[in-house]
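To keep things clear, I will list the structure first and then write my remarks on it.
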Amino acid sequence: MKTRDDALALDRDDPLRALREQFALSPDTLYLDGNSLGVPPKAAAARAQQVIGAEWGEGLIRSWNTAGWFALPKRLGNKLASLIGAAEDEVVITDTISVNLFKVLSAALRVQAERAPGRRVIVSERSNFPSDLYIAQGLIEQLDRGYELRLVDDPSELPAAIDQDVAVAMITHVNYRTGYMHDMAALTQHIHATGALALWDLAHSAGAVPVDLNGVDADYAVGCTYKYLNGGPGSPAFVWVPKHHQGTFSQPLSGWWGHRAPFAMEPSYRPDAGIARFLCGTQPMVSMALVECGLDVFLQTDMQQVRRKSLALTDLFIALVEQRCAEFPLELVTPREHAERGSHVSFAHPHGYEVMQALIARGVIGDYREPHVLRFGFTPLYTRYVDVWDAVETLRDVLASEVWRAPEFATRGAVT
Ligand SMILES: *Cc1c(COP(=O)(O)O)cnc(C)c1O
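This is the structure:
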């Protein structure tokens, strides 16, 4: 690509172009962090008003029935299902990824304790999102039955690490730092061939890349709604369990929302027969209701189309950074191979933190991840080709002028 006009021409021909209108984008920011927190769909503000005013304010307690609040985790789970290759009644929206991971990892270990009690290893990657590892560590300690977390340093080491001792492989499909994407079908097949169960974290996949959970015969999955799915800050996450695993074991957070008859107020726990057993307690309805606004935009397109544009955007970003910023010490961290790339691109720079702060000060919002990584998310529903062009020009400017050396850009906030 030679000129900004070339980028504008691509935007004119973009089949997803009209969807951008459905998002409340601020005119002075160029947002490349939808992989961390999606932007609000315009419908969200009106929906929040409706939930607070009509449903909560006027409907009050009646809204659990009349506004469908109680059914929301399952109804929205069914809406999300098509984006990840799930079937009806296999997904619920609830809690956080960390909490849902605790539930499904426990359930998976219980299945294996019955089927293959000698298997005591959980395999994952050292570069996995830390909370996933912390949850596994906490559960292992809680169970106190000699489970062990085996971590590999490189994705290529996973197949060899998944051997006869492994109960569960807990893998994040797209790595949050590098953007590396696993071959979910091939890895799941390998996991099953060794007799282990496949648990996938879709945090950076749902709404970012096509996923076919039933097609690859995965066992469990979790993911969030506030990243690519634009559900809002802290919007509840999701958990997927296929029909054939739903009845096997109940999850350990045996709260009343997972009970077979929550309002029978029985003194003993009996799990729901289906996916609702993966619920625990009362859900944040204001936040959960807004998840639907994000899903409704996705339902106007399909993940193949989203993926085509995502790859075009990330290809363009990589090419332009390499052309326009060639003299600066930027190193591509994300794979060039399409099959190994999610929807974000990371470059390492020795002063990555400061460079990112300087970019943000100029209205180009990406984020920074330790160590040294500048991360840029590409969200095809609202990212334009011209945004890619402008972001790279700003990056070039920040690097060439060395404005990032200003002391204010070295100060770190609580959230980086
Ligand atoms: C974002 C992310 C999380 C976040 O977990 P929460 O418990 O919802 O805060 C977990 N795992 C991965 C891989 C993530 O990218």
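With the sequence shown counted from 1, adding 1092 to any position gets you this note's numbering.
From the three backbone atoms N, C-alpha and C, an ideal C-beta is built for every residue, glycine too.
With contacts defined as CB atoms closer than 7 Å, residue 1186 and residue 1328 qualify as a contacting pair. Checking the 6 Å criterion, the Cβ of residue 1189 is within range of a heavy atom belonging to ligand 1. DSSP places residue 1178 outside both helix and strand once states are collapsed to three, so it counts as coil. Looking only at 1281, 1361, 1356, 1354, the smallest Cα-Cα distance to residue 1341 is reached by 1361. In the DSSP assignment, residue 1332 forms a beta bridge with 1183, 1313. As computed with DSSP, residue 1123 is found in a beta bridge with 1457.
Residue 1390 is bridged by DSSP to nothing; it lacks a bridge partner.
Between residue 1386 and residue 1444, the C-beta spacing is not below 7 Å. With fewer than 16 other beta carbons inside 10 angstroms of its own, residue 1357 counts as exposed.
Annotated three-state conformation of residue 1264 is strand, per DSSP. Between the C-alpha atoms of residue 1333 and residue 1183 there is a straight-line separation of about 7 Å. With a cutoff of 6 Å, residue 1253 does not count as near ligand 1, since its C-beta is closer than that to no heavy atom of the ligand. By the C-beta density criterion, residue 1392 is exposed, having fewer than 16 other C-beta atoms within 10 angstroms. Setting aside the 5 residues that flank it on each side, residue 1170 is surrounded in the same chain by 1180, 1181, 1183, each with a C-beta closer than 8 Å to its C-beta; the list follows chain order.
Runs of the beta strand (DSSP E) lying entirely within the region 1190 to 1240, each at least 3 residues long, are 1213 to 1217 in chain order. The beta-carbon distance between residue 1228 and residue 1219, rounded to whole angstroms, is 14 Å. This is too long to meet the 8 Å contact definition.
Residue 1190 and residue 1231 have their C-alpha atoms spaced approximately 11 Å apart.
Annotation for residue 1264 indicates a beta carbon within 6 Å of some heavy atom of ligand 1. Taking 6 Å as the cut-off, the C-beta of residue 1221 counts as close to a heavy atom of ligand 1. Restricting attention to 1446, 1249, 1207, the CA atom closest to the CA of residue 1505 is found in 1446. In terms of Cα proximity to residue 1194, the closest of 1363, 1141, 1312, 1450 is 1312. Counted as a single uninterrupted DSSP element, the beta strand (DSSP E) harbouring residue 1466 occupies residues 1465 to 1469. If you check the CB distance, residue 1203 and residue 1378 do not come in under 7 Å. Not one heavy atom of ligand 1 sits closer than 6 Å to the Cβ of residue 1098. Excluding the 5 residues flanking it on each side, residue 1139 has same chain C-beta neighbours closer than 8 Å at 1381, 1382, 1384, 1385, in chain order.
In terms of Cβ geometry, residue 1441 and residue 1412 do not form a close pair [threshold 7 Å].
Minimum Cα-Cα distance from residue 1419 among the listed residues 1448, 1490, 1211 corresponds to 1490. At a cut-off of 6 Å, the beta-carbon of residue 1101 does not count as near ligand 1: no heavy atom of the ligand is closer than that. Taking residue 1210 as reference, the option from 1132, 1260, 1162 with the minimal CA-CA separation is 1260. Residue environment for residue 1423: exposed (fewer than 16 other C-beta atoms within 10 angstroms of its C-beta).
Proximity of the region 1255 to 1270 to the region 1288 to 1299 meets the contact definition, three or more beta-carbon pairs being nearer than 8 Å. C-alpha of residue 1350 to C-alpha of residue 1338: approximately 12 Å in a straight line.
Excluding residues up to 5 positions away in sequence, 1473, 1474, 1476 lie with their Cβ nearer than 8 Å to the Cβ of residue 1112 in the same chain.
Segment contact: the region 1446 to 1459 against the region 1120 to 1128, three or more CB-CB distances shorter than 8 Å; contact assigned. Closest in alpha carbon position to residue 1318, among 1295, 1331, 1449, 1336, is 1295. Contact between the region 1147 to 1156 and the region 1400 to 1412 is absent, with fewer than three C-beta pairs closer than 8 Å.
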